[in-house]
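Colleague: Below is the structure I would like to discuss, written out as structure tokens.
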Amino acid sequence: MPQEYRSEILERTLKTLHVAVDGVKASVIVNIDGLLVASYPPGDDKNPHENPTSSPQVAAMAATLIGLAERTLGRLAQGELERLLMEGEEGVMVVYPAGRASVAVLVEKDSRLSHVLFATKKAAAEVENILGG
Numbered sequence: 029m030p031q032e033y034r035s036e037i038l039e040r041t042l043k044t045l046h047v048a049v050d051g052v053k054a055s056v057i058v059n060i061d062g063l064l065v066a067s068y069p070p071g072d073d074k075n076p077h078e079n080p081t082s083s084p085q086v087a088a089m090a091a092t093l094i095g096l097a098e099r100t101l102g103r104l105a106q107g108e109l110e111r112l113l114m115e116g117e118e119g120v121m122v123v124y125p126a127g128r129a130s131v132a133v134l135v136e137k138d139s140r141l142s143h144v145l146f147a148t149k150k151a152a153a154e155v156e157n158i159l160g161g
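Residue numbers (this note's numbering): 29 to 161.
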């Protein structure tokens with residue numbers, strides 16, 4: 029049986045998230061340095077400047093938001109970041125920490141938020157387990 033690489037397992041985790049939740053536009057795993065670890069759907073990063081929801085764009089924005097949220101919560105003595113949730117006119121972005129990485133999901137506005145939150149939290153726990161905390 030061929031060995032399965034971590035990147036393939038991470039992509040499969042994101043694919044499972046897409047299947048479980050209607051309306052997911054993009055999902056990424058980003059490390060604490062802001063580097064893209066994995067994304068789904070694959071291959072959407074060919075021209076990130078023309079696609080605002082491309083994986084590199086989502087990863088860069090997620091990393092920036094995570095850093096700001098962690099500093100803000102620390103400064104206000106509100107504890108560790110549990111999740112980020114941003115709602116816009118056209119969609120929602122959810123970010124969950126996953127050890128030394130984070131899972132960010134961009135979904136359509138009419139997606140069921142309870143499903144999005146549940147599935148993203150579950151995916152983040154799986155990612156943390158795969159990456160070793």
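We put the CB at the ideal spot given by N, CA and C, even for glycine. Because the structure is a prediction, the values reported are computed rather than measured.
Return the Cβ separation of Pro84 and Leu101 in integer angstroms, given the expectation that the two are a contact with Cβ distance under 8 angstroms.
Modeller: Against the sequence shown, residue 84 aligns to sequence position 56. Against the sequence shown, residue 101 aligns to sequence position 73. Going by Cβ atoms, the distance from Pro84 to Leu101 rounds to 26 angstroms, so no, they are not a contact pair.
Colleague: Could you give the distance in angstroms between the alpha-carbon of Asn79 and the alpha-carbon of Val133?
Modeller: Locating residue 79 in the sequence shown gives position 51, where the first residue counts as 1. Locating residue 133 in the sequence shown gives position 105, where the first residue counts as 1. Cα to Cα, Asn79 sits roughly 16 angstroms from Val133.
Colleague: Quick one: grab the DSSP three-state call for Asn157.
Modeller: One-based indexing of the sequence shown puts residue 157 at position 129. Helix at Asn157.
Colleague: What does the alpha-carbon distance come out to for the pair Leu45 and Arg103?
Modeller: Within the sequence shown, the letter at position 17 stands for residue 45. Within the sequence shown, the letter at position 75 stands for residue 103. When rounded, the distance between both Cα atoms is 33 angstroms.
Colleague: I need the DSSP call for Ile60, collapsed to helix, strand or coil.
Modeller: Walking along the sequence shown from the start, residue 60 turns up at place 32. Coil, per DSSP.
Colleague: What does the alpha-carbon distance come out to for the pair Asp50 and Leu93?
Modeller: For the purposes of this step, residue 50 is taken as the residue at position 22 of the sequence shown. For the purposes of this step, residue 93 is taken as the residue at position 65 of the sequence shown. Rounded to the nearest angstrom, the two C-alpha atoms are 24 angstroms apart.
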